[in-house]
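Okay, structure coming up:
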């Protein structure tokens, strides 16, 4: 009698060839009882096998790919996220963000999280200075948050982070003692928040790891246009991960992580008014970034996601059902 | 004037959406001067993006995937090859082997390398004992190597490895001092070699890492049918990575790494003859495995690979050219 862990419902599997192995892997994975995971695996296996078949992937290339992915894991830790960087540089992060956080006007567009977000940023007061960097050009950041009906949204958790005047994030400093260039604020009762950042500068994504080697092999430059990251989070609203890019950066139209959107490019101005300078605790002449964020409600985002999912599945000729709010083909 | 690292030949890139990001990533990667790498990246990006689009991959799923792949790298080292195990359990390794080492009768079929091959196996003499395992059932392995015309092939480097009587490879022993259950022989002037292995037993692939978690989530059992691995290598012949599986293993038709082929299943017999026992230095009654390997020449394998590649590309409606012996579409 065969052991009990052998599925009796599956046909015996042997003599797999380039012609029949894919369907056999699908058969084995069809034992998965979670319909969404089953669908994801079906698509992953199909794409992986199709890739090997259509490229006739060589054993050496397979070995190089195994090593490349392994090394990406090995260079990663709590502060270095090389796998995210790979996803970013292949356009996957930007695409996943667009799928999950669809926007329609007047909602603020999202962009890539990037590999430099951390969870140790400290709470800070409005007006606080984000950076200890003494060489940077100070930038007063003055923002409002509204919903799509134009109503202010208070008590939004605003997580901000940016690199320093040399283009490095704190996590890239091997002697990092704690967070620098990052902080968490809350929007006030009128939906406003402000803090002192620095004028962001372009910077290369980390090139000393496997992803850097890949970009070099592809002949691609690593320089991101300067930007300040924002993550706006409040229950009932769709999470907004975005960034603002001062206009005129040389890398504005060739971002290696595919994150720039015209609506996120901002014109910096200058604090001219003494009253304003006093109000926000900066000197006259300080650079100024103002921006009005607009959040989608969770419900609005959910409806947009569902509508887009149904359209995408129908384009493949598939009827869709939803499982825990995620689409699976009806015939899965 | 823009910096010199910005490609002037590419159109400006901004406002990427789910509709246009894929073609823009292709455009940036089209700067790659290696036509084969350019083709591989084109297909990788297409499949990754299609996967995200057709599944509407959620941010949480993306994050889980990033962590899964990162952890696979982190658990890997010189002796543990978790990324190979992932490739094995998704049928990719078996497929890549079939693509790269196509066989036609009378050539011996290949199968997966698996994650347990090492490069520190010691040279051993014919008749040597592979294992120090005192609990194992000894197995005399008696083989010949011929070419497709039936001529013996001498001086083939024969790398053999197998698990112990409990189903563990030496590299799974945390106190491993050196190789055990592995060795390297050379075929003699008549193309023969022999050694003492043990009767292989079924064993679970390592389940204490991310791949084990995946198999559990998919409801798949981890047990490979027992086998002895062989790698046969000689310049002028196509590398043969294969394994022999004693008939009747309970997991013979549900191998989690998709490696079993009917032609690689062997019937064990017993050394009955005193003369034979004396000749090979074993006792009468020792279990016996005999097998005749047949190697393809490098030229035969190359022609088969090319023929299969042209057919596969033409099936996609593509004309093929070869670059360093690997196919790329003529319009790449």
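Chains as they are written, first to last, in my numbering: chain X, -5 to 326; chain H, -5 to 326.
Glycine included, C-beta positions come from ideal geometry on N, C-alpha and C.
Can you check whether the CB of residue j is closer than 8 Å to the CB of residue i?
{"i": "residue 222 (chain H)", "j": "residue 237 (chain H)", "result": "yes"}
{"i": "residue 248 (chain H)", "j": "residue 215 (chain H)", "result": "yes"}
{"i": "residue 278 (chain H)", "j": "residue 266 (chain H)", "result": "yes"}
{"i": "residue 189 (chain H)", "j": "residue 135 (chain H)", "result": "yes"}
{"i": "residue -3 (chain H)", "j": "residue 244 (chain X)", "result": "yes"}
{"i": "residue 138 (chain H)", "j": "residue 286 (chain H)", "result": "yes"}
{"i": "residue 217 (chain H)", "j": "residue 231 (chain H)", "result": "no"}
{"i": "residue 117 (chain X)", "j": "residue 195 (chain X)", "result": "no"}
{"i": "residue 280 (chain H)", "j": "residue 132 (chain H)", "result": "yes"}
{"i": "residue 163 (chain H)", "j": "residue 172 (chain H)", "result": "no"}
{"i": "residue 98 (chain H)", "j": "residue 298 (chain H)", "result": "yes"}
{"i": "residue 140 (chain X)", "j": "residue 314 (chain X)", "result": "no"}
{"i": "residue 101 (chain H)", "j": "residue 282 (chain H)", "result": "no"}
If I follow the unbroken beta strand (DSSP E) through residue i, where does it start and stop?
{"i": "residue 240 (chain H)", "result": "234 to 240"}
{"i": "residue 164 (chain X)", "result": "No beta strand (DSSP E) holds residue 164 (chain X); DSSP gives it neither H nor E."}
{"i": "residue 323 (chain X)", "result": "320 to 323"}
{"i": "residue 191 (chain X)", "result": "186 to 192"}
{"i": "residue 284 (chain H)", "result": "281 to 289"}
{"i": "residue 22 (chain H)", "result": "Looking at the DSSP string, residue 22 (chain H) is not in any beta strand (DSSP E); the run it does join, the alpha helix (DSSP H), is 15 to 23."}
{"i": "residue 258 (chain X)", "result": "Per DSSP, residue 258 (chain X) belongs to no beta strand (DSSP E) and is neither H nor E."}
{"i": "residue 152 (chain H)", "result": "151 to 155"}
{"i": "residue 177 (chain H)", "result": "176 to 180"}
{"i": "residue 140 (chain X)", "result": "132 to 141"}
{"i": "residue 251 (chain H)", "result": "No beta strand (DSSP E) holds residue 251 (chain H); DSSP gives it neither H nor E."}
{"i": "residue 225 (chain H)", "result": "222 to 227"}
Does at least one heavy atom of the ligand GTP sit under 7 Å from the Cβ of residue i?
{"i": "residue 61 (chain H)", "result": "Ligands are entirely absent from the displayed structure, and the ligand GTP is therefore not among its contents."}
Once you ignore the five residues that flank residue i on each side, which residues in its own chain have a CB closer than 6 Å to its CB?
{"i": "residue 184 (chain X)", "result": "146"}
{"i": "residue 323 (chain H)", "result": "312"}
{"i": "residue 233 (chain X)", "result": "227"}
{"i": "residue 130 (chain H)", "result": "159, 192"}
{"i": "residue 65 (chain H)", "result": "204"}
{"i": "residue 122 (chain X)", "result": "189"}
{"i": "residue 235 (chain H)", "result": "104, 107, 225"}
{"i": "residue 10 (chain H)", "result": "18"}
Go to residue i, then tell me how far its alpha helix (DSSP H) extends in each direction, as first and last residue.
{"i": "residue 44 (chain X)", "result": "29 to 49"}
{"i": "residue 82 (chain X)", "result": "76 to 83"}
{"i": "residue 111 (chain H)", "result": "Segment: none, residue 111 (chain H) is in no alpha helix (DSSP H) and carries neither H nor E."}
{"i": "residue 327 (chain X)", "result": "Past the edges of chain X, shown from -5 to 326, lies residue 327 (chain X), and the structure says nothing about it."}
{"i": "residue -1 (chain H)", "result": "Taken as a continuous stretch (DSSP letters only), residue -1 (chain H) belongs to no alpha helix (DSSP H), as it is neither H nor E."}
{"i": "residue 89 (chain X)", "result": "86 to 94"}
{"i": "residue 8 (chain X)", "result": "Here residue 8 (chain X) belongs to no alpha helix (DSSP H), and DSSP marks it neither H nor E."}
{"i": "residue 208 (chain X)", "result": "204 to 212"}
{"i": "residue 307 (chain X)", "result": "292 to 309"}
{"i": "residue 274 (chain X)", "result": "268 to 274"}
Just to make sure I have the definition right: I need the residues of chain X whose C-beta is within less than 8 Å of the C-beta of residue i. Which are they?
{"i": "residue 217 (chain H)", "result": "-3, -1"}
{"i": "residue 70 (chain H)", "result": "64, 67, 68"}
Taking 8 Å as the limit between beta carbons, can you name the residues of its chain near residue i, skipping five residues before and five after?
{"i": "residue 246 (chain X)", "result": "219, 239, 254, 259"}
{"i": "residue 39 (chain X)", "result": "16, 19, 20, 23"}
{"i": "residue 242 (chain X)", "result": "none"}
{"i": "residue 328 (chain X)", "result": "The structure shown does not extend to residue 328 (chain X), since chain X is modelled only from -5 to 326, so the question has no answer here."}
{"i": "residue 182 (chain X)", "result": "120, 148"}
{"i": "residue 69 (chain X)", "result": "76, 203, 204"}
Run down chain B in chain order and give the residues with a C-beta less than 9 Å from the C-beta of residue i.
{"i": "residue 6 (chain H)", "result": "You won't find chain B in this structure, because its protein chains are X and H."}
Can you pull the chain X residues whose beta carbon is under 9 Å from the beta carbon of residue i, in chain order?
{"i": "residue 90 (chain H)", "result": "46, 51, 52, 53, 55, 56"}
Who are the neighbours of residue i on chain H, taking C-beta pairs under 7 Å?
{"i": "residue 335 (chain X)", "result": "This structure does not reach residue 335 (chain X), given that chain X is present from -5 up to 326, and the question cannot be answered."}
{"i": "residue 137 (chain X)", "result": "Chain H residues near residue 137 (chain X): none, gap ~22 Å exceeds 7 Å."}
{"i": "residue 291 (chain X)", "result": "Correct list: empty, because the minimum Cβ distance to chain H is about 17 Å."}
{"i": "residue 306 (chain X)", "result": "47, 48, 50"}
Give every residue of the same chain whose Cβ lies closer than 7 Å to the Cβ of residue i, excluding the five residues on either side of it in the sequence, and list them in chain order.
{"i": "residue 1 (chain H)", "result": "25"}
{"i": "residue 327 (chain X)", "result": "The structure shown does not extend to residue 327 (chain X), since chain X is modelled only from -5 through 326, so no value can be given for it."}
{"i": "residue 326 (chain H)", "result": "29, 32, 33"}
So which residues of chain X does residue i contact, with C-beta pairs closer than 7 Å?
{"i": "residue 9 (chain H)", "result": "255, 256"}
{"i": "residue 25 (chain H)", "result": "212, 213, 214"}
Whose Cβ in chain H lies nearer than 8 Å to the Cβ of residue i?
{"i": "residue 310 (chain X)", "result": "48"}
Can you pull the chain H neighbours of residue i, defined as C-beta to C-beta under 9 Å?
{"i": "residue 37 (chain X)", "result": "44, 45, 48, 49"}
{"i": "residue 112 (chain X)", "result": "Going along chain H, no residue has its Cβ under 9 Å from residue 112 (chain X), so there is no contact; the nearest lies around 15 Å."}
Segment contact flag, the region 85 to 93 of chain H with the region 34 to 50 of chain X, C-beta cutoff 8 Å, min 3 pairs:
yes
At least 3 beta-carbon pairs within less than 8 Å: the region 162 to 174 of chain H vs the region 251 to 269 of chain H:
no
Three or more C-beta pairs closer than 8 Å, one from the region 6 to 22 of chain X and one from the region 77 to 90 of chain H: is that the case here?
yes
When you compare the region 73 to 80 of chain H with the region 200 to 208 of chain H, are there three or more beta-carbon pairs, one atom per stretch, that lie closer than 8 Å?
yes
Check whether the region 98 to 115 of chain X and the region 271 to 278 of chain X are in contact - that is, three or more C-beta pairs closer than 8 Å.
No, they do not touch.
Taking three-plus beta-carbon pairs below 8 Å as touching, is the region 300 to 311 of chain H in contact with the region 152 to 166 of chain H?
No contact exists between the region 300 to 311 of chain H and the region 152 to 166 of chain H.
Below 8 Å, can you find three or more Cβ-Cβ pairs linking the region 59 to 67 of chain H to the region 8 to 15 of chain X?
no
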